[in-house]
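A short worksheet on the structure shown next.
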Amino acid sequence: MPGGDQRTLILNVDDDEAGRYAKTRALRRADGIDVIEAATGGDALRLVAERRPTLVLLDVKLPDINGLEVCRLIKRDRPEILVLQISASFVSGGDRARGLDAGADTYLTQPVEPNELVASVRALLRIRQAEARLRESEERLRLVVDGATDHAIITTDSEGRITGWSSGAEAIFGWSAPEAVGQDSALIFTPEDRVAGAPRQELETARREGRANDERWHLRKDGGRVFMNGSVRPLHDAEGREAGFLKVARDETERRGTDEASARLAAIVSATPDAIVSFSGEDGRIASWNKGAERLFGYTEAEAIGAPVSLLLPPPDRITPCEDGTGVFRWAMKEGAVRIDSVRRRKDGALVDVAVSAARMTARDGRALGVSAVFHDITERKRAAEALREGEAKFRTLADNIPALCWMASADGWVYWYNKRWYDYTGTTPDQMEGWGWQSVHDPLTLPAVVERWAGSIAGGDPFEMVFPLKGADGTFRPFLTRVAPVRDDGDGRILRWFGTNTDISEQRAAEDKLRELNETLEQRVQAEVVRRAETEERLRQSQKMEAVGQLTGGIAHDFNNLLQIVTGNLEILGRNLPEDAGRLRRAADNAMNGAKRAATLTQRLLAFSRRQPLAPKALSVNQLVSGMSDLLNRALGETVALETVLAAGLWRVEADSNQLENAILNLAVNARDAMADGGKLTIETANTRLDEAYVHNNVEVSPGQYVVVCVSDTGTGMDSETRARAFEPFFTTKEVGKGTGLGLSQVYGFVKQSGGHVAIYSEPGEGTTVKIYLPRLLGAVVEELKPDEPVVPEGSWAETVLVVEDDHDVRAYTVEVLRELGYRVLEAHDGPTALRLLERQDAGRIDLLFTDVVLPGGMNGEQVAARARGLRPGLKVLFTTGYARNAIVHQGRLDPGVRLVTKPFTFADLAAKVRDLLDFQAP
Numbered sequence: 001m002p003g004g005d006q007r008t009l010i011l012n013v014d015d016d017e018a019g020r021y022a023k024t025r026a027l028r029r030a031d032g033i034d035v036i037e038a039a040t041g042g043d044a045l046r047l048v049a050e051r052r053p054t055l056v057l058l059d060v061k062l063p064d065i066n067g068l069e070v071c072r073l074i075k076r077d078r079p080e081i082l083v084l085q086i087s088a089s090f091v092s093g094g095d096r097a098r099g100l101d102a103g104a105d106t107y108l109t110q111p112v113e114p115n116e117l118v119a120s121v122r123a124l125l126r127i128r129q130a131e132a133r134l135r136e137s138e139e140r141l142r143l144v145v146d147g148a149t150d151h152a153i154i155t156t157d158s159e160g161r162i163t164g165w166s167s168g169a170e171a172i173f174g175w176s177a178p179e180a181v182g183q184d185s186a187l188i189f190t191p192e193d194r195v196a197g198a199p200r201q202e203l204e205t206a207r208r209e210g211r212a213n214d215e216r217w218h219l220r221k222d223g224g225r226v227f228m229n230g231s232v233r234p235l236h237d238a239e240g241r242e243a244g245f246l247k248v249a250r251d252e253t254e255r256r257g258t259d260e261a262s263a264r265l266a267a268i269v270s271a272t273p274d275a276i277v278s279f280s281g282e283d284g285r286i287a288s289w290n291k292g293a294e295r296l297f298g299y300t301e302a303e304a305i306g307a308p309v310s311l312l313l314p315p316p317d318r319i320t321p322c323e324d325g326t327g328v329f330r331w332a333m334k335e336g337a338v339r340i341d342s343v344r345r346r347k348d349g350a351l352v353d354v355a356v357s358a359a360r361m362t363a364r365d366g367r368a369l370g371v372s373a374v375f376h377d378i379t380e381r382k383r384a385a386e387a388l389r390e391g392e393a394k395f396r397t398l399a400d401n402i403p404a405l406c407w408m409a410s411a412d413g414w415v416y417w418y419n420k421r422w423y424d425y426t427g428t429t430p431d432q433m434e435g436w437g438w439q440s441v442h443d444p445l446t447l448p449a450v451v452e453r454w455a456g457s458i459a460g461g462d463p464f465e466m467v468f469p470l471k472g473a474d475g476t477f478r479p480f481l482t483r484v485a486p487v488r489d490d491g492d493g494r495i496l497r498w499f500g501t502n503t504d505i506s507e508q509r510a511a512e513d514k515l516r517e518l519n520e521t522l523e524q525r526v527q528a529e530v531v532r533r534a535e536t537e538e539r540l541r542q543s544q545k546m547e548a549v550g551q552l553t554g555g556i557a558h559d560f561n562n563l564l565q566i567v568t569g570n571l572e573i574l575g576r577n578l579p580e581d582a583g584r585l586r587r588a589a590d591n592a593m594n595g596a597k598r599a600a601t602l603t604q605r606l607l608a609f610s611r612r613q614p615l616a617p618k619a620l621s622v623n624q625l626v627s628g629m630s631d632l633l634n635r636a637l638g639e640t641v642a643l644e645t646v647l648a649a650g651l652w653r654v655e656a657d658s659n660q661l662e663n664a665i666l667n668l669a670v671n672a673r674d675a676m677a678d679g680g681k682l683t684i685e686t687a688n689t690r691l692d693e694a695y696v697h698n699n700v701e702v703s704p705g706q707y708v709v710v711c712v713s714d715t716g717t718g719m720d721s722e723t724r725a726r727a728f729e730p731f732f733t734t735k736e737v738g739k740g741t742g743l744g745l746s747q748v749y750g751f752v753k754q755s756g757g758h759v760a761i762y763s764e765p766g767e768g769t770t771v772k773i774y775l776p777r778l779l780g781a782v783v784e785e786l787k788p789d790e791p792v793v794p795e796g797s798w799a800e801t802v803l804v805v806e807d808d809h810d811v812r813a814y815t816v817e818v819l820r821e822l823g824y825r826v827l828e829a830h831d832g833p834t835a836l837r838l839l840e841r842q843d844a845g846r847i848d849l850l851f852t853d854v855v856l857p858g859g860m861n862g863e864q865v866a867a868r869a870r871g872l873r874p875g876l877k878v879l880f881t882t883g884y885a886r887n888a889i890v891h892q893g894r895l896d897p898g899v900r901l902v903t904k905p906f907t908f909a910d911l912a913a914k915v916r917d918l919l920d921f922q923a924p
């Protein structure tokens with residue numbers, strides 16, 4: 001029964017007032033009990049809810065609610081309340097059983113003696129108090145067990161199945177109690193211990209010896225391991241029978257790790273090649289000295305222990321600025337940790353470069369115990385660093401000058417270096433490109449494939465090769481061939497880094513496209529080339545034919561000029577010596593002279609076609625020449641043909657013979673007039689142009705370059721292809737007999753070719769004709785000859801001597817006669833050697849002028865004779881004559897500077913003027 005002030009409240013429920021009174025009276029006599037009463041089941045339930053009695057005396061038979069139902073309701077709502085049911089003596093055993101099933105704690109049958117009633121109540125109260133104390137004890141035990149989070153407390157049955165699992169076990173092993181209970185205790189053993197049968201051996205040892213020590217690694221739910229230290233003991237029931245096992249173990253993983261770490265650290269300190277030295281916190285003296293320190297500094301442990309810190313310091317001038325007389329000792333004691341590259345002194349006095357890592361050692365209470373320092377020999381590292389710097393400088397110079405974009409990446413693909421060309425091309429910065437920044441200059445369409453291929457190379461260690469576009473600083477994408485190779489360790493072959501190059505293949509791609517295009521059009525081009533070659537061969541045959549005809553006509557013209565010289569010369573002599581009254585003879589002589597002059601004109605045209613006529617080219621404005629011809633052209637064209645000139649502004653100058661160019665334009669104009677019988681329009685146009693390689697490719701005799709073009713176009717009848725092909729042939733004409741010689745266009749052709757130009761005809765029947773004359777642009781200045789004033793009197797003097805050199809006897813005789821008639825003293829020679837012998841003779845006297853044919857027999861031409869003559873007689877003046885001149889004084893159809901020439905056939909007046917002009921001329 002409770003003692004002191006603590007009292008027990010009992011509810012007495014009985015509809016029989018006398019019986020209720022008797023029970024209440026008996027209970028109140030007992031110490032510490034208070035009683036309240038109820039006559040019905042409803043009142044009983046109300047008082048239970050309001051007063052919460054410790055115990056209820058409940059009669060089975062009540063007027064409103066059956067006592068069994070009242071008991072059930074009380075136990076449902078207040079299971080902690082004790083219920084003692086009382087029934088009449090005639091109640092069957094089945095009723096008592098139903099009462100106990102309803103929750104009654106005990107059952108009494110009336111009549112009940114007061115003492116029996118009180119004893120029964122006290123017994124129930126004692127049981128309740130014992131249960132309460134047991135619950136408190138169990139709760140305290142549970143709190144102790146659950147509070148030991150660093151201990152695992154586990155119970156099992158005799159077979160080793162887990163029956164109890166503390167919160168500490170949950171925290172240490174990771175399985176919750178519901179997950180662990182029912183599992184075999186082997187759950188927390190490592191796989192190797194399970195295979196060895198450790199779980200069963202542990203239980204057998206505990207069963208046999210009463211205790212089994214348990215110090216081993218155990219398994220966690222997450223696969224990790226914990227080191228547990230504890231024991232396993234058997235559990236027994238009240239009768240001494242085995243009821244299971246109790247396992248109590250503490251988590252010592254941290255301690256175990258500390259012990260192992262200490263052991264490993266000691267082994268490392270002993271085995272490390274670096275010098276590890278500790279210094280006392282009191283005075284900095286050496287407190288520990290490992291084998292690495294012995295090797296590095298040369299002192300044994302016995303020599304070093306207790307020595308001052310200055311033992312290892314170098315001379316003062318070699319101490320780094322941040323150190324002092326204690327090296328890094330004071331610095332580390334103050335800062336806690338320092339790292340520096342410095343110099344230390346060995347036992348033999350030699351200095352060694354070291355990397356010093358020093359840290360302050362601190363006790364648990366915060367006291368500074370000293371400094372621990374590691375000295376690493378960096379002599380080789382410094383040498384290697386210097387070599388590396390030199391190598392990097394060379395590599396950077398090489399990489400920056402490679403005609404490709406270069407870069408390097410770590411083994412996992414992180415790009416950390418690019419050469420200068422990369423940044424120049426992409427216009428990016430190192431910060432933008434580091435790591436995976438290179439993706440920003442890739443085409444988004446090809447980037448996924450590049451990333452996938454690159455990831456595959458990294459994963460497999462395979463070289464990378466791919467073509468993809470990269471964006472330049474101007475925003476333009478260009479194709480690049482990218483190759484990346486792994487750089488491997490010489491020892492184990494692992495990949496240290498990747499080296500990549502990006503090569504611009506734009507030109508290669510363009511060439512491939514061009515080649516592909518050429519291959520696709522090969523057949524077409526072959527056919528076109530066959531046609532072009534056929535046309536070229538035809539033009540070449542035509543050119544060769546024209547050249548052959550030119551050589552033939554040139555030779556004929558030369559010989560014909562010599563004959564004409566004899567005829568015209570003698571006709572002139574005849575004319576000068578006929579009496580005034582010889583009218584009929586004079587008319588005959590004049591007619592003969594006119595015929596000879598016409599023959600001379602014909603030979604000049606032949607020479608022009610054959611490109612043998614001597615030209616006197618000068619710097620010339622074609623626009624001025626065309627403008628100056630307007631009156632002449634209008635007269636030649638007549639009233640039915642309109643003339644229009646279109647002259648280009650800024651027209652380049654040419655070097656050409658102005659007289660011959662005028663003749664060429666006039667010839668074209670007359671031909672155009674004849675093609676426009678009913679009238680029309682003639683247009684003369686000038687322009688600057690350039691003939692390129694494509695044009696030259698189809699015109700074999702043309703050189704590429706800049707030209708001035710003169711276009712003469714008419715609106716006449718035009719030509720068909722056959723006529724165009726023969727238009728430049730000599731004596732070819734479509735005109736009626738007697739209306740043309742067929743030498744007009746051939747003369748134009750010869751002049752243009754002799755001037756280094758090109759002439760082309762464009763014509764279709766009924767569409768008119770255009771002839772284009774191309775003359776080379778004059779790029780350099782032309783030195784023009786100074787012309788002397790015309791002499792007033794062409795006569796000569798007997799004091800002036802002329803040496804005539806002419807191989808044709810009749811021409812020489814005529815020339816000598818004319819010169820003597822003019823008053824000159826004349827010497828003559830039939831070839832060069834004879835002339836030179838005359839010049840060498842002192843008795844020949846003074847010779848003022850050498851008059852020589854250009855073409856001579858005897859192995860010397862006129863130019864060579866003149867050169868030798870001037871060597872014999874410096875200052876000797878020379879006048880040349882020729883029917884045509886080929887590669888002597890006329891080179892490529894042009895007179896050499898300073899050369900004077902009279903062409904055959906010449907007249908009496910022509911020769912008189914030329915000789916007098918030359919003899920009177922004074923060189924500047």
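For the sequence shown, counting from 1, position 354 maps to 354 in the UniProt record's numbering; every step adds exactly one. For glycine and all other residues, C-beta sits at the position ideal for the given N, C-alpha and C. This one's a predicted model, so the numbers in the text were calculated from it and none came from an experiment.
#1: Let me know the beta strand (DSSP E) ranges lying completely inside the UniProt domain "Response regulatory" (801–919), each 3 residues or longer, listed in chain order.
#2: If you compare alpha carbons, which of Trp-417, Asn-659, Gly-67, Phe-329 is closest to Thr-40?
#3: In the DSSP assignment, find the unbroken beta strand (DSSP E) run with Ala-511 in it and report its ends.
#4: Do His-442 and Lys-420 have their C-beta atoms closer together than 9 angstroms?
#5: Can you tell me which of the three DSSP states Val-248 falls into?
#6: If we call anything under 9 angstroms between Cβ atoms a contact, is Leu-838 one with Ala-829?
#7: Helix, strand or coil for Asn-502 per DSSP?
#8: Residue ranges of each alpha helix (DSSP H) run of no fewer than 4 residues wholly in the UniProt domain "Response regulatory" (9–125), ordered along the chain?
#9: Considering only the alpha carbon of each residue, which of Leu-918, Glu-113, Gln-706, Arg-841 lies closest to Leu-651?
#10: For Pro-469, which residues of its own chain have a beta-carbon under 6 angstroms away from its beta-carbon, when the five flanking residues on both sides are left out?
#11: Can you list, in chain order, the residues of its chain whose CB lies under 6 angstroms from that of Ala-656, leaving out five sequence neighbours each side?
#12: Taking DSSP as the reference, what is the three-state secondary structure of Trp-438?
#13: Starting from the C-beta of Phe-227, find all residues in its chain whose C-beta is less than 6 angstroms away, skip the five residues before and the five after it, and write them out in chain order.
#14: How about Thr-881 and Ile-847: do their beta carbons lie closer than 9 angstroms?
#15: Kindly indicate which three-state DSSP category Glu-685 falls into: helix, strand or coil?
#16: In chain order, what residues of the same chain have a beta carbon less than 7 angstroms from the beta carbon of Asp-807, not counting five sequence neighbours either side?
#17: Closer than 7 angstroms by C-beta to Leu-369: which residues in its own chain qualify, once you throw out the five before and the five after it? Chain order, please.
#18: Starting from Glu-693, follow the alpha helix (DSSP H) in both directions and report where the run begins and ends.
#19: Indicate, with yes or no, if the ligand FAD has a heavy atom lying under 8 angstroms from the CB of Ala-869.
#20: With burial defined as no fewer than 16 other Cβ atoms inside 10 Å of the residue's Cβ, what is the status of Lys-247: buried or exposed?
#21: If we ignore side chains and look at the alpha-carbon of each, how far apart do Thr-429 and Glu-693 end up?
#22: Of all the options Ser-713, Ser-703, Asn-688, which has the alpha carbon lying nearest to the alpha carbon of Leu-666?
#23: In whole angstroms, give me the CA-to-CA distance for Glu-722 and Ser-763.
#24: Could you tell me whether the Cβ atoms of Glu-639 and Thr-683 are closer together than 9 angstroms?
#25: Look at the Cβ atom of Val-343, then the Cβ atom of Val-352, and state whether they are nearer than 9 angstroms.
#26: For the beta strand (DSSP E) containing Ala-186, name the first residue and the last one.
#27: Note down the Cα distance separating Gln-527 from Asn-699, rounded to an integer number of angstroms.
#28: Cβ of Phe-329 within 9 angstroms of Cβ of Val-354?
#29: Between Tyr-299 and Lys-221, is the Cβ-Cβ spacing less than 9 angstroms?
#30: Curious, which full-length alpha helix (DSSP H) runs of at least 4 residues does the UniProt domain "PAS" (261–318) contain?
#31: List the residues that DSSP assigns as beta-bridge partners of Thr-770.
#32: Among Glu-507, Val-415, Ala-511, Leu-522, which has the Cα closest to the Cα of Trp-498?
#33: Quick one: grab the DSSP three-state call for Ile-324.
#34: Pairs of beta-carbons, one from the stretch 310–321 and one from the stretch 403–410, closer than 8 angstroms: are there three or more?
#35: Would DSSP call Ser-746 helix, strand or coil?
#36: Per the DSSP calculation, Thr-476 is bridged to which residue(s)?
In terms of the structure at hand:
#1: Listed in chain order, the complete beta strand (DSSP E) runs (minimum 3 residues) inside the UniProt domain "Response regulatory" (801–919) are 801–805, 825–829, 849–853, 877–882, 901–903.
#2: If we check each option's Cα against that of Thr-40, Gly-67 comes out closest.
#3: It is not in any beta strand (DSSP E) - Ala-511 instead sits in the alpha helix (DSSP H) that spans 506–520.
#4: No, the Cβ-Cβ distance between His-442 and Lys-420 is not below 9 angstroms.
#5: Note: Val-248 maps to strand in three-state DSSP.
#6: Yes, Cβ-Cβ distance for Leu-838 and Ala-829 is below 9 angstroms.
#7: Asn-502: strand per DSSP, three-state reduction.
#8: Counting only runs of 4 or more, we get 17–28, 41–51, 67–77, 93–101.
#9: Answer by Cα proximity: Gln-706.
#10: Hits under 6 angstroms: Asp-443, Phe-477, Pro-479.
#11: The beta carbon of Ala-656 sits closer than 6 angstroms to those of Pro-617, Leu-620, Ser-755, Leu-775, all from its chain and outside the five residues before and after it, given in chain order.
#12: Trp-438 falls in the helix class under three-state DSSP.
#13: A distance below 6 angstroms between beta-carbons, with the five flanking residues on each side excluded, links Phe-227 to the following residues of its chain, in chain order: Trp-217, Glu-252, Thr-253, Arg-256.
#14: Not in contact: Thr-881 and Ile-847 (Cβ atoms no closer than 9 angstroms).
#15: Look at Glu-685 here: in three-state DSSP terms it is strand.
#16: Correct list, in chain order: His-830, Asp-831, Asp-853, Leu-856, Pro-857.
#17: By the criterion of a C-beta distance shorter than 7 angstroms, Leu-369 is surrounded in its chain by Gly-281, Met-361, Thr-362, Ala-363, once the five residues flanking it on both sides are discounted.
#18: Run containing Glu-693: 693–697, per the alpha helix (DSSP H) assignment.
#19: Here there are no bound small molecules, and the ligand FAD is not part of this structure.
#20: Flag for Lys-247 reads buried.
#21: If you take the alpha carbons of Thr-429 and Glu-693, they lie about 46 angstroms apart.
#22: Among Ser-713, Ser-703, Asn-688, the Cα nearest to that of Leu-666 is on Ser-713.
#23: The alpha-carbon separation between Glu-722 and Ser-763 amounts to approximately 11 angstroms.
#24: Glu-639 places its beta carbon 9 angstroms or farther from that of Thr-683.
#25: Going by C-beta atoms, Val-343 is nearer than 9 angstroms to Val-352.
#26: Careful: Ala-186 lies outside any beta strand (DSSP E) and carries neither H nor E.
#27: Taking the straight line joining both Cα atoms gives about 18 angstroms.
#28: No. Outside cutoff.
#29: Not closer than 9 angstroms, so no.
#30: Those alpha helix (DSSP H) runs which fall completely within the UniProt domain "PAS" (261–318) and span 4+ residues are 291–297, 301–304.
#31: DSSP output for Thr-770 lists Ser-713, Tyr-762 as bridge partner(s).
#32: Looking at Glu-507, Val-415, Ala-511, Leu-522, the one whose alpha-carbon comes closest to that of Trp-498 is Val-415.
#33: What sits at residue 324 in the sequence shown is Asp, not Ile. In the structure shown, the three-state DSSP call for Asp-324 is strand.
#34: No, they do not touch.
#35: Helix at Ser-746.
#36: Looking at the DSSP assignment, Thr-476 forms no beta bridge with any residue, so it has no partner.
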